[in-house]
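Position 516 of the sequence shown, counted from 1, bears residue number 613 in my numbering, the numbering being contiguous throughout. We put the CB at the ideal spot given by N, CA and C, even for glycine. Model, not experiment: these values are computed from the prediction.
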Amino acid sequence: MNGTAKNDASPPTVYFDSSHVVSETGGTFSLRLSSEALMADVFLSLDIYDLDNRVHPAGHLGWWSFRVDSVGDPLRGELSIEGNRVSVGMEAMECFNHWINEEEVPFRRLVAIAVLRSNTTNAIVHLDEIPAFRTESDHEVYRAVLDRNWDSPAFADAWFVFPRRSTIRIVAPNVFPGDAVGNFCLDVYRLCKQNDISVELYAGRCHLALNDIVRKTDALKGESTPDDTLLYFFSIYDPRLDEIVGLLFNRKIVYFHGVTNPKLLQVFDLELSKSCAQGLRQLPTLGEFDLMAANSTASARVLARETQQELRNIKVVPPGLIGAEQPKGRLRSDTSRREHSGAHFLSVGRMKSHKKIEDLIELFAAYLELDPAAECRIVGGQADRAYRDYLDWVVDHRLGARSKKLRRLENVTDEQLRRIYDEADVYLSMSEDEGFCLPLVEAMVAGVPVFAYGVEAVREVLGKVGIVFCEKDFTAIAASIHSLLTNRKRLDRVIERQYERGRHWLAAMDGRAVLSLFDPTE
98 MNGTAKNDAS
108 PPTVYFDSSH
118 VVSETGGTFS
128 LRLSSEALMA
138 DVFLSLDIYD
148 LDNRVHPAGH
158 LGWWSFRVDS
168 VGDPLRGELS
178 IEGNRVSVGM
188 EAMECFNHWI
198 NEEEVPFRRL
208 VAIAVLRSNT
218 TNAIVHLDEI
228 PAFRTESDHE
238 VYRAVLDRNW
248 DSPAFADAWF
258 VFPRRSTIRI
268 VAPNVFPGDA
278 VGNFCLDVYR
288 LCKQNDISVE
298 LYAGRCHLAL
308 NDIVRKTDAL
318 KGESTPDDTL
328 LYFFSIYDPR
338 LDEIVGLLFN
348 RKIVYFHGVT
358 NPKLLQVFDL
368 ELSKSCAQGL
378 RQLPTLGEFD
388 LMAANSTASA
398 RVLARETQQE
408 LRNIKVVPPG
418 LIGAEQPKGR
428 LRSDTSRREH
438 SGAHFLSVGR
448 MKSHKKIEDL
458 IELFAAYLEL
468 DPAAECRIVG
478 GQADRAYRDY
488 LDWVVDHRLG
498 ARSKKLRRLE
508 NVTDEQLRRI
518 YDEADVYLSM
528 SEDEGFCLPL
538 VEAMVAGVPV
548 FAYGVEAVRE
558 VLGKVGIVFC
568 EKDFTAIAAS
578 IHSLLTNRKR
588 LDRVIERQYE
598 RGRHWLAAMD
608 GRAVLSLFDP
618 TE
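Structure below.
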């Protein structure tokens, strides 16, 4: 099962030594080129973009190119910011070409991208990037996307001593806060820190605010040892899966989040659809891991089928962790539930086409015929341009002058989200593909009645509480919602049953299920 490491030739690479650049403290940075880069027919380019608008030319401040025939290690450079202009220089290296945007580009923060390009074709061979700031305080604000006090929130205590010579190496293709996979990776990292378990986190791509924590997957081969444990998160195609499986570990664990049905993505995000299709074809490879886990029984069934394993051999571990001091939800009083006129609809999650936000809009339009004072909030980000434009059309077409009754919110804080749940009267899930669906748990413990399209994982999470529908008859569903919200006794019974189900999931997410994956006695 454990395999042996492969000895394929390494490609030319370039990496920043530091996690960020700050202009007010000198703007210095350093780069390291691999020995292969020094022998390859490549040159180095430094590109500077507006971090919040990484498009050319509107957010592109400029680029500077340097030859790498004979250079020191590390390469030292400097990035200067004056107003909305920047300049880049490399010590002992002559800039042989450059471009500076003639238009002034306003920005709050920048991204510096070091790129190795072919001298022959100008194609990108390898790149690395770090954020850049005017001041250290700007950097601290950016880093605040994640609380680095690892002691809080407090998760479960381990009942075993993990071997000191071993490190848990968590690996995922992508780690971004706000994404289900990224959040869970960071939670498991925090759980290990709290239990004095040596841990490192790796990803192919991550939010740049996390690059002091999340290491490049490229480094995994050189840093792992045969005493270590691999925890690999799989949810989409990973071009490095075969390489990762081939590395030597004491134990290799895969956690399967499920792969989104590519047919539900292909109209609005063809590239993501292709990646999901490729990911499904990789599933048999997951059978080479020593231990398999999944976020739900529904996902475990898929994994068992594709790896030809017995379902009972796959552990089901909910994809989230809840700390002991975090809010556990409450049953709301009549007053707190109805401080507004008209029902408040709520949906939370990524703005991707498999979530079927257009169906939610259609349902809301049907409900407005019964309750003209109703309002709807859709909380979530990551929408691609095509799908966002389509949703705008659906809103205009179905709601017209009533469009102001629907609000789409991105980048809300945890506290803001709690207030949004408190103000909601009904939670809607129209998604046609789920591996688990954590917002259902959030809604249940917040005392918000749930109406959900009944895909297998959603039915598993709800466990015969809430209201499930398997046909999207918007008029009928709207009537069912209105009937429930206007029947106080029935509504209270639904909320109470949901609350108990939600509490069940919170108890299952204290960290013990994750720690059981690392238990050296099992």
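Apart from the 5 residues on each side of it in sequence, Thr-618 sits with its Cβ closer than 8 Å to the Cβ of Phe-257 in its chain, given in chain order. Where Asp-486 is concerned, there is no enclosing beta strand (DSSP E), although the alpha helix (DSSP H) around it starts and stops at 482-496.
Proximity of the region 574-585 to the region 455-464 meets the contact definition, three or more beta-carbon pairs being nearer than 8 Å.
Shown here, Asp-339 sits in a helix according to DSSP, grouped into three states. For Phe-571, the enclosing alpha helix (DSSP H) has its first and last residue at 571-582. Ranked by how close their Cα comes to the Cα of Leu-327, the residues Arg-504, Ser-295, Pro-336, Gly-275 have Ser-295 in first place. The DSSP-derived three-state label of Phe-252 is coil. Taking C-beta separations shorter than 8 Å and ignoring five residues to either side along the sequence, the partners of Asp-366 in its chain run Lys-449, Ser-450, Asp-481, Ala-483, Tyr-484, following chain order. Per DSSP, reduced to three states, the secondary structure at Asp-144 is strand.
Leu-135 carries a helical assignment under DSSP once its states are collapsed to helix, strand and coil.
Here the region 149-158 does not lie against the region 217-234, with fewer than 3 beta-carbon pairs under 8 Å apart. Remark: three or more beta-carbon pairs, one from each stretch, lie closer than 8 Å, so the region 198-215 and the region 158-176 are flagged as touching.
Considering only Gly-439, Asp-284, Leu-130, the residue with the shortest C-alpha distance to Phe-273 is Asp-284.
Counting C-beta pairs closer than 8 Å gives fewer than three between the region 308-323 and the region 246-254, which falls short of the contact rule. Secondary structure of Asp-616 (DSSP, three-state): coil.
With distances taken between CA atoms, Thr-232 lies nearest to Glu-121 out of Pro-469, Glu-121, Tyr-329. Here the region 484-494 does not lie against the region 510-520, with fewer than 3 beta-carbon pairs under 8 Å apart. Cβ neighbours of Pro-359 within its own chain (closer than 6 Å, five residues either side excluded): Ser-370, Cys-373, Ala-374. Looking at Ile-454, Asp-522, Asp-519, the one whose alpha-carbon comes closest to that of Arg-495 is Ile-454.
Beta-bridge partners of Pro-228 (DSSP): Val-208.
With fewer than 16 neighbouring CB atoms inside 10 Å of its own CB, Gly-497 falls in the exposed class. Between the beta-carbon of Leu-535 and that of Ala-277 there is about 7 Å, and that keeps the pair under the 8 Å contact cut. Shown here, Cys-303 sits in a strand according to DSSP, grouped into three states.
Residue range 535-542 is occupied by the alpha helix (DSSP H) that includes Val-542. Thr-583 counts as exposed, since fewer than 16 other C-beta atoms from the protein chains shown sit within 10 angstroms of its C-beta. With distances taken between CA atoms, Glu-407 lies nearest to Gly-384 out of Leu-418, Gly-384, Asn-392, Glu-175.
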